[in-house]
Structures are given as C-alpha cells and as structure tokens.
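Contents: one structure, followed by commentary.
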Amino acid sequence: MNIPFHLITPLPDNTTFDKVAEGLIITSKNISLGLRTQPSRFYRHGWQSWSLAAWTDLKPLPIQKPSILHPMQTDPVYSTEKRPHSSWIAAVEFEDGRILLLGSLGLDAHVFLNDKQLEGIYEAGKGEWFIGYGDERNVFSKYTNELTKRFGKKTKKPAPRVWCSWYSLYTAIDEKILSNAFDGLADLPFDVLQIDDGWQIKIGDWEANSKFPSGMKALAEQIKSTRRKAGLWLAPLIAVKSSTLFREHPDWFLRDERGRLVSAGFNWSEPLYALDTTHPAVLEWLAQLMKKVRTWGFDYLKLDFLYAGALPGKRCQEMPRESAYRKGLQVLREAMGADAFFLTCGAPIIPSMGLCDAIRVSTDVAAKWEDRSEVVFLQNYAIPSTRNAIRTSLHRQWLDPLFHLDPDVTYFRTQECALTTEQKSLLQNLALICGFKATSDLPQWLIADEREKLRAFLERKPKINQISRYVFQIDKEIVDFSPVMPLPPEPKGMEAIEAAVFGWLANHDWALKINDQMGKAALKKMKKSL
Ligand code: 9PG
Numbered sequence: 002m003n004i005p006f007h008l009i010t011p012l013p014d015n016t017t018f019d020k021v022a023e024g025l026i027i028t029s030k031n032i033s034l035g036l037r038t039q040p041s042r043f044y045r046h047g048w049q050s051w052s053l054a055a056w057t058d059l060k061p062l063p064i065q066k067p068s069i070l071h072p073m074q075t076d077p078v079y080s081t082e083k084r085p086h087s088s089w090i091a092a093v094e095f096e097d098g099r100i101l102l103l104g105s106l107g108l109d110a111h112v113f114l115n116d117k118q119l120e121g122i123y124e125a126g127k128g129e130w131f132i133g134y135g136d137e138r139n140v141f142s143k144y145t146n147e148l149t150k151r152f153g154k155k156t157k158k159p160a161p162r163v164w165c166s167w168y169s170l171y172t173a174i175d176e177k178i179l180s181n182a183f184d185g186l187a188d189l190p191f192d193v194l195q196i197d198d199g200w201q202i203k204i205g206d207w208e209a210n211s212k213f214p215s216g217m218k219a220l221a222e223q224i225k226s227t228r229r230k231a232g233l234w235l236a237p238l239i240a241v242k243s244s245t246l247f248r249e250h251p252d253w254f255l256r257d258e259r260g261r262l263v264s265a266g267f268n269w270s271e272p273l274y275a276l277d278t279t280h281p282a283v284l285e286w287l288a289q290l291m292k293k294v295r296t297w298g299f300d301y302l303k304l305d306f307l308y309a310g311a312l313p314g315k316r317c318q319e320m321p322r323e324s325a326y327r328k329g330l331q332v333l334r335e336a337m338g339a340d341a342f343f344l345t346c347g348a349p350i351i352p353s354m355g356l357c358d359a360i361r362v363s364t365d366v367a368a369k370w371e372d373r374s375e376v377v378f379l380q381n382y383a384i385p386s387t388r389n390a391i392r393t394s395l396h397r398q399w400l401d402p403l404f405h406l407d408p409d410v411t412y413f414r415t416q417e418c419a420l421t422t423e424q425k426s427l428l429q430n431l432a433l434i435c436g437f438k439a440t441s442d443l444p445q446w447l448i449a450d451e452r453e454k455l456r457a458f459l460e461r462k463p464k465i466n467q468i469s470r471y472v473f474q475i476d477k478e479i480v481d482f483s484p485v486m487p488l489p490p491e492p493k494g495m496e497a498i499e500a501a502v503f504g505w506l507a508n509h510d511w512a513l514k515i516n517d518q519m520g521k522a523a524l525k526k527m528k529k530s531l
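The numbering of the sequence shown is the numbering used here, which starts it at 2 and goes up by one.
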C-alpha cells in the first residue's frame, strides 16, 4: 500500500505499513509521524466538554478570547499554543479522504501538527499510542475499541429523558416556580426532573438557599412522588472566595509553585478556585457531599465545572494533573454509589471515562444560534451557542461506545427562543443521534402543537444510519449537518478593530460583571412574566 506517512520515532523492528492500517499500538513518551503527503484537514479534539472538537484546516486557531476564561474553556496549558493542538487524539485527512489517526490510550497526552509531522507527547512519563490509517469510521472505531478495553464500555443504564431547569429559568429558580413547572410536565414522559444551578447558598456551600425554605429533601420527595427520579446540579470541585468553604479551608485549594491560587476561571461575577483532589480532607469532604445529596433523595447527579480537578498546579500529593482528577472522580463515584446516574459536565473527556454514565460532549446550547460578537469577535467556540454546541457534539460521535453522549438540551418552544424551526429541528435530530433526550422548555411556554412534538420526540426510538461524516438518516429522513460545521472567518478590516476592542473589554472582570448584571436584569424581567 502506498502510505502517505512514515514513522519517525520510535519504530519497533517488525513494523510494517500493513500493521499500521490494522491499528498499531506503541508505548512511548513521545511519538512522531512524518507526513510524506500534504494533508487537507486536521481533526482536533478539545480537552473538556465545552472545548471545540472539529475537522478544521491546517492553520492554528487564533487564540480564543477572553483569556480570563481560558481555564474554563480550553486546556490552559495549551491555550496560547501556536501549533495546531489537540487533546489525546488528532487525525489528518488526505486528499483521497483517508485519515491517519494518532490517539493516546492514556490520560495526559496531547497531539500537535508540526508542519510535516504529527507529534504526540505524554506530559508525564510513557504511555500507549494507537496509530491507525484508512477509512475514517473504521479507524476511529478501532481506536474506540482500544479505549473500551482500557476504560470500560458504556454502562447498561439507559440514558434517561431529562427535564433540566437551566435553559429556561437559569438561576431564577425557586420552590414555587419549580413546583408549577413540575405540575405542568406531569403527563409528559420524562424520567428525570433535574434542578440546575440556583438552589445553593454559594459555589462551595452546597445547602439550600432562602428560595428553597422547605429544603432540598422536600423538593426531591416532590419529584419522586410523580414517579420520576430527582436530579441535581452541583459543581463540587470549585468554590468562590466568598464561600464559607473557602474561608474555613483556604489550604484545600490548588496553588502554583509560588503558593498563589490557581485560577479556575470566572463565572457568577466572581473568580473561581479549584479544590486539590489529592488532599485527604478534600476527598473526605467530597464523599460526604455526595452522601448528603443522595440522602436528600437525588439519584441523578450532574456534576459540573469538573475540569478544575485537572488544572496544572502543585498538589498535596504530587501526581500528573489528570490522575489527580481521576482520583477525585473515583471518590465522587464511589460515594454516590453505582446505582446513581452520574453525568459529568465541563469535564476532561478521556479521564472521565469508565467512572460516569454520561459526559456532556459540547458547550452549552442557547436560545440563539450564534452571537457574532461572542463567537466571531472573540473567536470563541466554547461560549454557549447552539451552533457551537452542535459542531462539537457531532465531532464526538466516535466516543459513543464508551459512555452516553449528552449533546445538551433541545428546544421545542417559540416563546423565549430565537432559534428558527430548522435550527431547533437540527438540535432535536442531534439528540436522537446521541440517544440522549433533554429539554428545559417550561410547560407554560409551549403551545399545544409544540407540546405534542415534544411528547413524540420523547417517545421516539428511531433507526439511525450515518451516511457520511455529517449526513445521517433518521428513520426515513435525511439530515445534513454540513452547513453548521464551518468555523466563521476571522474578522477583517473594521471588524478586526471592533473585535480587538471587544476582546480587550471582555478580558476585564468589571466588563464580565456588567455583562452578568445585564443578564440578571433580563432574567428578572422574564421571571416576572411567569
Ligand atoms: C450552570 C450551567 C449549566 C450548564 C453547564 C454550565 O464556557 N463557558 O463559559 C461556560 C460557562 C458555563 C457553562 C458552560 C460553558 O454552563 O454546562 O449546563 O449547568 O453551568 O451554571
């Protein structure tokens, strides 16, 4: 076979090109594949749920803005990397459509495209590499097969049909509003009603706030009385400085070599900090937290902002950052029990495998398609946007044998939603392809026809057939996602100036705070109309 690459390092004596086509496994810290032929596309895989995964051209992506969000949107170690970079696995496509894939079978690996070389490195020590060449789906499936051998297959638990409070109410939840929503959803076939962000006192202080005077146990009981599972959102690996947790245990938080706190990003108008998951007291606290929420009656847990466990820093017990994360995840899983449905979100993908039931495979959807200032000006593909979410979820379909893929919620409503019917339909079809169905639509926002469409969607068990990279057959319908995929062009001329100003502004916490205030005001207005 005329193969368009050669192995540079390391090369086991008996390596033949046929073996590469079959799928070759090599153990090494570094590996380089020399490309004899110019590839046409590069497959990059983002580090965590919200980071971009896509086939792109060979150029490095512009540095995503704002940098204050790098820890929560990218792998911060590589946010300003000049070469095209990918976490754990990358591939190149040649003119004839065949691909060459270099994928790690371990935790802390990265792949770069150096002009005429595909180069893989493990951050700490040696690890296994998979090399495959040929038809795209065949090669990815061989790689996935090797991953299942090491990390375990998808759990037998079916993916539940979820109603989640976030994408309608955001933090404007309270006992009464949720109770009304649950009543209105009564006859729809959901398996889980999940309470998202907004119930807790602070990020770090996981007790019911004053909007939930009856407590979380009462809320879980209310959900369970309708024969559904109760679901709860928490972000257990981060905290804000104003939390009691931080005040009482500043020594539990991840710091750098010089003792300075490591940034875990910025959200809720505050900087975020990461717990050190190698600290015995932290692990004990995490276990107690999981036991507490399980005792309240929550059987479906959406644990979010989990990337914080794998940020670079100096840990209590020295170990590679992704092993530290996995240690934390193991404790969380063990404490919640194997019977809980565990969805990880904002989670490093490969290190979460085998320890949870589902992983969010994209950034957040939104009730809008693509915000030019956010996506185009900031060149930010992790920012919540339906187009960003569809693009990344679709580029992670190959992970399907390993865990349930959560592509985030689907919209059926017209009220409080700027998506067109076609855009909503793309999202609904994506959910059918992933086999994970969720929505946040409030029953009072749905007109009769939309409600019946939602019911039919929840009840549907379609036959799915992938025709090509972006084209699927869902029962009899052909769905083409190709127009969604291209990355918007970099801003030029006047637009570039506007983008630079916007990018500069977005990097200041005061600007983010103003933005948050505007969001809060809009939310208040929406809440009044409920
Ligand atoms: C609650 C939300 C919802 C949502 C989660 C997560 O890239 N970002 O800046 C970014 C911020 C927040 C975010 C996603 C991406 O949302 O994914 O479902 O639970 O937290 O606060």
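We put the CB at the ideal spot given by N, CA and C, even for glycine.
- The beta-carbon separation of Gly310 and Gly329, rounded to 5 angstroms, stays under the 8 angstroms limit for a contact.
- Between the alpha carbons of Ile434 and Asp401 lies a distance of about 10 angstroms.
- No residue range can be given for Tyr171, since it is assigned to no beta strand (DSSP E) and is classified by DSSP as neither H nor E.
- A distance criterion of 6 angstroms places the beta-carbon of Ala383 in contact range of the ligand 9PG, judged by its closest non-hydrogen atom.
- Burial state of Pro214 is exposed, judged by a 10 Å Cβ sphere holding fewer than 16 other Cβ atoms.
- The beta-bridge partner set that DSSP reports for Glu94 consists of Arg42, Ile100.
- As DSSP reads the structure, Gln118 sits in a beta bridge with Gly35, Asn115.
- If you check the CB distance, Phe413 and Leu455 come in under 7 angstroms.
- Pairing Thr421 with Val410, the inter-Cα distance amounts to about 16 angstroms.
- Minimum Cα-Cα distance from Asp305 among the listed residues Asn268, Leu395, His7, Val377 corresponds to Asn268.
- Counting every other CB atom within 10 Å of its CB across the protein chains shown gives Trp234 a total of 16 or more, marking it as buried.
- Contact annotation: the region 238-247 does not touch the region 157-177, with fewer than three C-beta pairs closer than 8 angstroms.
- Distance check between Phe458 and each of Glu496, Tyr471, Val163 places Val163 closest, using alpha-carbon atoms only.
- In this model, Ser169 and Glu417 are separated by some 8 angstroms (Cα to Cα).
- The residues Glu82, Lys83, Arg84, Pro85, His86, in chain order, have a CB closer than 8 angstroms to that of Pro61 in the same chain once the five nearest residues on each side in sequence are set aside.
- Of the candidates Ser41, Gln39, Gly47, His7, the residue whose Cα lies closest to the Cα of Ser33 is His7.
- Distance from the CA of Pro161 to the CA of Trp505, rounded to the nearest whole angstrom, comes to 42 angstroms.
- Non-local C-beta neighbours of Leu70 in its own chain, meaning closer than 7 angstroms and more than five positions away in sequence, comprise Gly266, Phe267, ordered along the chain.
- In its chain, beyond the 5 residues on either side, Ala368, Lys369 have a beta carbon closer than 7 angstroms to the beta carbon of Ala419.
- Judged by their CB atoms, Phe152 and Trp399 are not nearer to each other than the 7 angstroms cut-off.
- Taking a 10 Å sphere around the C-beta of Gly494, we find fewer than 16 other C-beta atoms and assign the residue as exposed.
- Per DSSP, Asn268 is not a residue of any alpha helix (DSSP H); the beta strand (DSSP E) it occupies stretches across 264-268.
- Looking at Phe437, Val376, Thr387, the one whose alpha-carbon comes closest to that of Gln65 is Val376.
- In this structure, Asp198 has its CB closer than 6 angstroms to one or more heavy atoms of the ligand 9PG.
- Residue state for Gly310 is assigned as helix, using DSSP reduced to three classes.
- A distance criterion of 6 angstroms places the beta-carbon of Cys357 beyond contact range of the ligand 9PG, judged by its closest non-hydrogen atom.
- Spatial neighbours of Ser50 in its own chain (CB-CB distance under 6 angstroms, excluding positions within 5 residues in sequence) are listed in chain order as Cys346, Gly347, Ala348, Arg361.
- Along the region 494-531, the beta strand (DSSP E) does not occur as any fully enclosed run of 3 or more residues.
- Put simply, the backbone Cα of Lys315 is about 13 angstroms away from that of Glu323.
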